[in-house]
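Novice: I am attaching a structure below and will ask some questions about it afterwards.
There are 2 protein chains.
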Amino acid sequence: MEHTFAIILAGGAGTRFWPASRQLRPKQFLPLGPDPDEPLLRATVRRILPLCPPERILIATGAHLAAATRDLFPEIPAANILAEPVARNTAPCIGWATRVIARRDPDATVMVFPADHAVVDEDAFRDAISEAISLAHRDAIATIGLQPTRPETGYGYIELGETIGHQSFEVKRFVEKPNHERALEFFEGGRHEAAARGQEGEALADIFPILPSISIDHGVIERAPRLAVVRGDFGWNDVGSWQSAWELAPKDATGNALSSGVIAVQSQDNLVRDLRTDGRPRVIALVGVEGLVVVETDDALLILPRERAQDVRLVVDELKRRGGHSV
Amino acid sequence: MEHTFAIILAGGAGTRFWPASRQLRPKQFLPLGPDPDEPLLRATVRRILPLCPPERILIATGAHLAAATRDLFPEIPAANILAEPVARNTAPCIGWATRVIARRDPDATVMVFPADHAVVDEDAFRDAISEAISLAHRDAIATIGLQPTRPETGYGYIELGETIGHQSFEVKRFVEKPNHERALEFFEGGRHEAAARGQEGEALADIFPILPSISIDHGVIERAPRLAVVRGDFGWNDVGSWQSAWELAPKDATGNALSSGVIAVQSQDNLVRDLRTDGRPRVIALVGVEGLVVVETDDALLILPRERAQDVRLVVDELKRRGGHSV
């Protein structure tokens, strides 16, 4: 009997959400999606539970994050949390997880998800995944493509071929991250889907260090004989910065996304996240400010304009230069 | 033998420095002047010590602030800290303190100072005070006037009469806070000095509550037969808002006045005050912001543009409306 399994790639590191994200609490552990109380990784698991029971969900993560990941999912068997000893991008990691699954069910269909993306319309998301599963049953490797809403140069593109299902197409060609002119051409042509690529992975003490660090896209998908793409239209966001977090967050009538206890007077379009954990009552007050990101943790406070959200790395660089403060 | 005594009016309350200022830690206890480590009240005392020994300095303050005031000045006899049971503006308070002084030295010359103003050039300040003392020795009530640097409508004005000393003049007339046209006329005419008026006072359980609440200006000075004014030119600032605090604070080359541990990347003209007292290491990071006031205390964080510093009262009003948080 053939079963569907899910592999969730939860090895992400990164500093784009400093000071909320840290080495021991990277982005997937943060509530950055539409629900301000739900970590992205938990939302990822919840989203696929109607398609896949917990005992067939595997989560691949870094060794240093394995305990925190197990704690987050008491319903998932501990053996399903795969702790990668070193990071080797997504291909070795998916290879390992697929081998674990094959031992349990040699005919399994395997879904692979990033842990730290956000989805607004979860029913539409599951519809797309179901269509991808049916394509996989016809021996294709199926990916999800998102119709670009702007000439984005940050992702790879997929050139669509023949229609092969309700929302699905043959893959004519993968195109690396394009320059702006090319992205504009793809965007206006309407025959290219943006592919969210380049998920970080991490990885087994003996094997992983000698494996090439390569993504599943380059390592496998682009070389596969039968490829299909399902057009996804479910409000996808890879939550790449505090700006994305503001876009996804529930906001009041003045465009503010505020933690409880925040007072905003004559202020608009701000993101304020009070992530302190000591439980002491405090107030954060804004007067007359617009478009700011304000993030407070137990040991840091960040203030920057939303439009400069990518520049949080400048702070992280400065902290590394100074030393002495955890990044 | 005639001695010079000082009365320091340290009963000030007010919310313009929320969240730093609180009922039990009003403005005069905060380091808002040129020295970021010295509370305004302590600077006021230090400034006059060359003119007046500690045993002849009296500090009038509210009963609820008496203990904190004594703690700040171990060198001043405890009997010199006058605790007013209720606030009755400056006239009753100065009347009481003057009576205390008269019992010790019926011929004393008395200086009266607000506790919470800042002075940049302390030698020039003491020169002006010395000239005022010499005028007092000639039986005048002498006040210090500041030459206006703009047509300010927030203070009263003094019209200058005949020159009677190096920097001093007879007082021709006091003028209440003028409207803008009148202030402009005074400013351009050059015969008016701005008088920093309206110091708050507080005041003895039996007497004070039935005394009229009136300032020394209205209650006494404007009715006195012999009045003189000394032109002060010593970089005076009444530290009326976080904006004033920024103006007074030492700043780096990019106009930032920062507490230690603050990282400012591509940011300028900000005032950042980390007033937390728990001693835990923390970092405050700004990226790409300009002209902000950021004040963090143990239980509150305030963020507002410097130019809107007066609007901190909007937060205080909102907190009072909500209840439950100390203002």
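Sequence order for the protein chains is G and E. What the first sequence shows, in the numbering used here, is residues 143 to 469, in sequence order. What the second sequence shows, in the numbering used here, is residues 143 to 469, in sequence order. We put the beta carbon where it would ideally sit given N, CA and C, even for glycine.
Check whether the segment 204-214 of chain E and the segment 275-291 of chain E touch, using three or more Cβ-Cβ pairs below 8 Å as the test.
Specialist: no
Novice: Measuring CA to CA, which of 315(G), 247(G), 426(G), 198(G) is closest to residue 412(G)?
Specialist: The residue labelled residue 412(G) in the question sits at position 270 within the first sequence. With distances taken between Cα atoms, residue 412(G) lies closest to 426(G).
Novice: Could you say which of 330(G), 418(G), 322(G), 180(G) lies nearest to residue 391(G) if we only look at CA atoms?
Specialist: As a position in the first sequence, residue 391(G) is number 249, starting the count at 1. Ranking 330(G), 418(G), 322(G), 180(G) by Cα distance to residue 391(G) puts 180(G) first.
Novice: In angstroms with no decimal places, state the Cα-to-Cα distance between residue 176(E) and residue 259(E).
Specialist: Counted from its first residue, the second sequence places residue 176(E) at position 34. Counted from its first residue, the second sequence places residue 259(E) at position 117. Roughly 11 Å between the two C-alpha positions.
Novice: Three or more C-beta pairs closer than 8 Å, one from the segment 372-390 of chain E and one from the segment 261-281 of chain E: is that the case here?
Specialist: yes
Novice: My guess is that residue 414(E) and residue 162(E) are in contact by the Cβ rule of under 8 Å, so how many angstroms apart are they, rounded?
Specialist: Your numbering for residue 414(E) matches position 272 in the second sequence. Your numbering for residue 162(E) matches position 20 in the second sequence. Their Cβ separation, rounded to whole angstroms, is 12 Å, which puts residue 414(E) and residue 162(E) out of contact at 8 Å.
Novice: Between which two residues does the alpha helix (DSSP H) containing residue 281(E) stretch?
Specialist: One-based indexing of the second sequence puts residue 281(E) at position 139. No alpha helix (DSSP H) contains residue 281(E), which DSSP labels as neither H nor E.
Novice: Below 8 Å between beta carbons is the criterion; list the residues of the segment 411-424 of chain E that meet it against any residue of chain G, in chain order.
Specialist: Per Cβ criterion, the list reads 422, 423, 424.
Novice: Tell me the DSSP secondary structure of residue 208(G) in three-state form.
Specialist: The residue given as residue 208(G) occupies position 66 in the first sequence. In this structure, residue 208(G) counts as helix in the three-state DSSP scheme.
Novice: I'd like to check one pair, residue 430(E) with residue 315(G): are the Cβ atoms closer than 7 Å?
Specialist: Counting from one through the first sequence, the residue named residue 315(G) turns up at place 173. Counting from one through the second sequence, the residue named residue 430(E) turns up at place 288. No, the pair does not count as a contact, with Cβ atoms beyond the cut-off.
Novice: My assumption, with CB atoms under 8 Å, is that residue 313(G) sits in contact with residue 370(G). Please give the rounded CB distance.
Specialist: Within the first sequence, residue 313(G) is the residue found at index 171, counting from 1. Within the first sequence, residue 370(G) is the residue found at index 228, counting from 1. With 8 Å as the limit, residue 313(G) and residue 370(G) qualify as a contact, their Cβ atoms being about 6 Å apart.
Novice: So the alpha helix (DSSP H) residue 362(E) belongs to, where does it begin and stop?
Specialist: Your numbering for residue 362(E) matches position 220 in the second sequence. Premise fails: residue 362(E) is in no alpha helix (DSSP H) and is neither H nor E.
Novice: Could you give the DSSP three-state label for residue 269(E): helix, strand or coil?
Specialist: For the purposes of this step, residue 269(E) is identified with residue 127 of the second sequence, where counting begins at 1. The answer is helix: DSSP assigns residue 269(E) an H, G or I state.
Novice: Give me whichever residues DSSP pairs with residue 305(G) in a beta bridge.
Specialist: In the first sequence, residue 305(G) corresponds to position 163, counting from 1. Residue 305(G) pairs with 311(G).
Novice: Going by DSSP, which residues form a beta bridge with residue 256(G)?
Specialist: Within the first sequence, the letter at position 114 stands for residue 256(G). Looking at the DSSP assignment, residue 256(G) forms a beta bridge with 151(G).
Novice: Thinking C-alpha only, which one of 446(E), 325(E), 155(E), 432(E) is nearest residue 231(E)?
Specialist: Position 89 of the second sequence, counted from the first residue, corresponds to residue 231(E). Cα-wise, what sits closest to residue 231(E) is 155(E).
Novice: Nearest-angstrom Cα distance between residue 224(E) and residue 202(E)?
Specialist: Position 82 of the second sequence, counting from 1, holds the residue named residue 224(E). Position 60 of the second sequence, counting from 1, holds the residue named residue 202(E). A straight line joining the alpha-carbon of residue 224(E) with that of residue 202(E) spans about 5 Å.
Novice: Does the Cβ-Cβ distance between residue 455(E) and residue 385(E) come in under 7 Å?
Specialist: For the purposes of this step, residue 455(E) is taken as residue 313 along the second sequence, with counting starting at 1. For the purposes of this step, residue 385(E) is taken as residue 243 along the second sequence, with counting starting at 1. No, Cβ-Cβ distance for residue 455(E) and residue 385(E) is not below 7 Å.
Novice: I think residue 428(E) touches residue 445(G), with their Cβ atoms under 8 Å apart; what is that distance to the nearest whole Å?
Specialist: Locating residue 428(E) in the second sequence gives position 286, counting from the first residue. Locating residue 445(G) in the first sequence gives position 303, counting from the first residue. Contact flag correct, Cβ pair sits at about 5 Å.
Novice: Would residue 227(E) pass as a contact of residue 350(E) if the rule is Cβ separation under 7 Å?
Specialist: Indexing the second sequence from 1 puts residue 227(E) at position 85. Indexing the second sequence from 1 puts residue 350(E) at position 208. Cβ atoms of residue 227(E) and residue 350(E): closer than 7 Å.
Novice: Counting beta carbon pairs with one atom in the segment 274-281 of chain G and one in the segment 301-311 of chain G, are three or more of them shorter than 8 Å?
Specialist: yes
Novice: To the nearest angstrom, report how far apart residue 383(G) and residue 421(G) are at their CA atoms.
Specialist: Taking the first residue of the first sequence as 1, we reach residue 383(G) at position 241. Taking the first residue of the first sequence as 1, we reach residue 421(G) at position 279. In a straight line, the C-alpha of residue 383(G) is about 26 Å away from that of residue 421(G).
Novice: Which residue's Cα is closest to the Cα of residue 262(G): 282(G), 358(G), 381(G), 222(G)?
Specialist: Numbered from its first residue, the first sequence carries residue 262(G) at position 120. When only C-alpha atoms are compared, the closest one is 381(G).
Novice: From the DSSP output, which residues share a beta bridge with residue 202(E)?
Specialist: Numbered from 1 along the second sequence, position 60 holds the residue referred to as residue 202(E). DSSP, once it has assigned bridges, lists 151(E), 224(E) as partnering residue 202(E).
Novice: Along chain G, in chain order, which residues have C-beta atoms closer than 9 Å to that of residue 454(E)?
Specialist: Against the second sequence, residue 454(E) aligns to sequence position 312. Those within 9 Å of residue 454(E) in chain G are 427, 429.
Novice: On the premise that residue 239(E) lies in contact with residue 200(E), defined as a C-beta separation below 8 Å, what is that separation, rounded to the nearest angstrom?
Specialist: Residue mapping note: residue 200(E) aligns to position 58 of the second sequence, counting from 1. Residue mapping note: residue 239(E) aligns to position 97 of the second sequence, counting from 1. Correct: roughly 5 Å between the Cβ atoms.
Novice: Give the single residue among 405(G), 388(G), 408(G) whose Cα lies nearest to the Cα of residue 399(G).
Specialist: In the first sequence, counting from the first residue as 1, residue 399(G) sits at position 257. Nearest C-alpha to residue 399(G): 388(G).
Novice: Sort 329(E), 334(E), 324(E) by Cα distance to residue 301(E) and report the nearest one.
Specialist: Translated into positions along the second sequence, residue 301(E) becomes position 159. Closest option to residue 301(E), Cα to Cα, is 334(E).
Novice: Does residue 445(G) come within less than 7 Å of chain E when only Cβ atoms are used?
Specialist: By 1-based counting over the first sequence, the position of residue 445(G) is 303. Yes - at least one Cβ of chain E is within 7 Å of the one on residue 445(G).
Novice: DSSP has residue 299(G) in a bridge; who is on the other side?
Specialist: What you label residue 299(G) is simply residue 157 of the first sequence in a count that begins at 1. According to DSSP, which records beta bridges pairwise, residue 299(G) is partnered with 317(G), 336(G).
Novice: May I ask you to report which of helix, strand or coil DSSP gives residue 190(G)?
Specialist: In the first sequence, residue 190(G) corresponds to position 48, counting from 1. Three-state result, residue 190(G): helix.
Novice: Since residue 159(G) contacts residue 172(G) with CB under 8 Å, what's their CB separation in whole angstroms?
Specialist: As a working mapping, residue 159(G) is identified with position 17 in the first sequence. As a working mapping, residue 172(G) is identified with position 30 in the first sequence. Indeed, because the Cβ distance is near 6 Å, the residues count as touching under 8 Å.
Novice: If you draw a straight line from the C-alpha of residue 250(E) to the C-alpha of residue 198(E), how long is it?
Specialist: On the second sequence, residue 250(E) is found 108 positions in, with the first residue counted as 1. On the second sequence, residue 198(E) is found 56 positions in, with the first residue counted as 1. Rounded to whole angstroms, residue 250(E) to residue 198(E) spans 10 Å at the Cα level.
Novice: Got a sec, what are the start and stop residues for the beta strand (DSSP E) residue 239(E) sits in?
Specialist: Here residue 239(E) is taken as the residue at index 97 of the second sequence, counted from 1. That residue, residue 239(E), is in no beta strand (DSSP E); its alpha helix (DSSP H) goes 232-246.
Novice: Of all the residues that make up the segment 309-333 of chain E, which are near chain G by a beta-carbon distance shorter than 8 Å?
Specialist: none
Novice: Which residues of chain B have a Cβ atom closer than 8 Å to the Cβ of residue 172(G), listed in chain order?
Specialist: Chain labels in this structure do not include chain B; the protein chains are G and E.
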